[in-house]
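**Student:** Read top to bottom, the protein sequences are chains U and D.
Positions in the first sequence are counted from 1; adding 281 to them yields our numbering.
Positions in the second sequence are counted from 1; adding 340 to them yields our numbering.
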Amino acid sequence: DAGVIQSPRHEVTEMGQEVTLRCKPISGHNSLFWYRQTMMRGLELLIYFNNNVPIDDSGMPEDRFSAKMPNASFSTLKIQPSEPRDSAVYFCASSLAALRGVAEAFFGQGTRLTVV
Amino acid sequence: KQEVTQIPAALSVPEGENLVLNCSFTDSAIYNLQWFRQDPGKGLTSLLLIQSSQREQTSGRLNASLDKSSGRSTLYIAASQPGDSATYLCAVYFGNEKLTFGTGTRLTIIP
Numbered sequence: 282d283a284g285v286i287q288s289p290r291h292e293v294t295e296m297g298q299e300v301t302l303r304c305k306p307i308s309g310h311n312s313l314f315w316y317r318q319t320m321m322r323g324l325e326l327l328i329y330f331n332n333n334v335p336i337d338d339s340g341m342p343e344d345r346f347s348a349k350m351p352n353a354s355f356s357t358l359k360i361q362p363s364e365p366r367d368s369a370v371y372f373c374a375s376s377l378a379a380l381r382g383v384a385e386a387f388f389g390q391g392t393r394l395t396v397v
Numbered sequence: 341k342q343e344v345t346q347i348p349a350a351l352s353v354p355e356g357e358n359l360v361l362n363c364s365f366t367d368s369a370i371y372n373l374q375w376f377r378q379d380p381g382k383g384l385t386s387l388l389l390i391q392s393s394q395r396e397q398t399s400g401r402l403n404a405s406l407d408k409s410s411g412r413s414t415l416y417i418a419a420s421q422p423g424d425s426a427t428y429l430c431a432v433y434f435g436n437e438k439l440t441f442g443t444g445t446r447l448t449i450i451p
């Protein structure tokens with residue numbers, strides 16, 4: 282398997298523009314996570330899905346952020362409108378969650394977002 | 341509040357030495373604990389996963405231990421090499437599917 286695949290790897294956009302980040306989880310995994318990493322706050326969980334259903338979106342910073350998982354092999358994280366403070370590295374991760382407890386999480390290479 | 345702490349934030353060690361990285365967490369009711377490595381500008385690479393019923397896991401020169409009662413985990417690296425230089429992150433599943441991360445320890449191995 283190619284692992285978790287994220288696109289684009291780098292994104293530079295102007296303030297106010299819409300940004301869409303994409304993720305393809307590992308085939309067969311049933312849980313998907315979106316994280317944001319900054320120097321100041323480290324790794325923060327934004328939202329996670331189980332079997333394509335959003336389970337916890339309490340980490341989504343505000344209504345400008347939205348995430349979807351239309352099928353088991355694809356997810357998007359959208360920011361509209363984008364602001365300079367959204368600049369960060371966004372990671373997607375997936376795992377095969379067991380009935381009790383969880384399994385190992387695997388991360389993509391991340392998307393480095395710069396909003397100017 | 342469920343928190344994960346890693347101290348020190350940075351560590352420098354001469355090549356060849358054995359070293360220990362520390363991770364502490366506030367809630368002993370954990371499911372699993374996972375150690376990751378992150379190289380500059382890269383994603384996170386999973387190193388070891390310890391389930392709550394286990395006390396340690398080994399992979400090559402790496403050995404991770406878990407003591408739930410004291411809320412601690414350690415990552416032992418034997419015979420360190422310059423290629424081990426990276427940031428090491430500890431993450432805990434606190435009874436749900438959410439991984440809560442520590443802030444990491446930036447390790448530098450001095451040739």
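Cβ atoms here follow ideal geometry from the backbone N, Cα and C, with glycine treated the same way.
1. Using a C-beta to C-beta distance shorter than 8 Å, which residues of chain U count as neighbours of residue 443 (chain D)?
2. Using the Cβ count rule (16 or more neighbours within 10 Å means buried), how would you classify residue 350 (chain U)?
3. Does residue 342 (chain D) come within less than 8 Å of chain U when only Cβ atoms are used?
4. Bridge partners for residue 434 (chain D) per DSSP, in chain order?
5. Run through DSSP, which three-state label would residue 407 (chain D) get?
6. In the DSSP assignment, find the beta strand (DSSP E) that holds residue 325 (chain U) and state where it starts and stops.
7. Who pairs with residue 389 (chain D) in a beta bridge, going by DSSP?
8. Would you list, in chain order, the members of the region 383–394 of chain D that have their beta-carbon closer than 8 Å to a beta-carbon of chain U?
9. Quick one: what does DSSP say residue 351 (chain U) is sitting in, helix, strand or coil?
10. Which residues in chain U sit within 7 Å of residue 374 (chain D), going by Cβ to Cβ distance?
11. Beta-carbon separation of residue 296 (chain U) and residue 370 (chain U) under 8 Å?
**Tutor:** Per the coordinate set shown:
1. Taking the second sequence and counting its residues from 1, the one referred to as residue 443 (chain D) is at position 103. Ordered by position in chain U, the residues that pass the 8 Å Cβ test against residue 443 (chain D) are 323.
2. Position 69 of the first sequence, counted from the first residue, corresponds to residue 350 (chain U). By the neighbour-count rule (16 or more Cβ atoms within 10 Å), residue 350 (chain U) is buried.
3. Counting from 1 along the second sequence, the entry for residue 342 (chain D) is found at position 2. Judged by the 8 Å Cβ criterion, residue 342 (chain D) is not in contact with chain U.
4. As a working mapping, residue 434 (chain D) is identified with position 94 in the second sequence. Answer by DSSP bridge pairing: none, since residue 434 (chain D) is not bridged.
5. Reading the second sequence from its first residue, position 67 is the one you call residue 407 (chain D). Strand, per DSSP.
6. Residue numbering aside, residue 325 (chain U) sits at position 44 when the first sequence is read from its first letter. Segment 323–331, the beta strand (DSSP E) holding residue 325 (chain U).
7. Indexing the second sequence from 1 puts residue 389 (chain D) at position 49. According to DSSP, residue 389 (chain D) bridges with D:374.
8. 383, 384, 385, 386, 389, 391 and 392
9. Taking the first residue of the first sequence as position 1, residue 351 (chain U) is located at position 70. Residue state, collapsed to three classes: strand.
10. Within the second sequence, numbered from 1, the residue matching residue 374 (chain D) stands at position 34. Those within 7 Å of residue 374 (chain D) in chain U are 385 and 386.
11. Locating residue 296 (chain U) in the first sequence gives position 15, counting from the first residue. Locating residue 370 (chain U) in the first sequence gives position 89, counting from the first residue. For residue 296 (chain U) and residue 370 (chain U), no; Cβs fall outside 8 Å.
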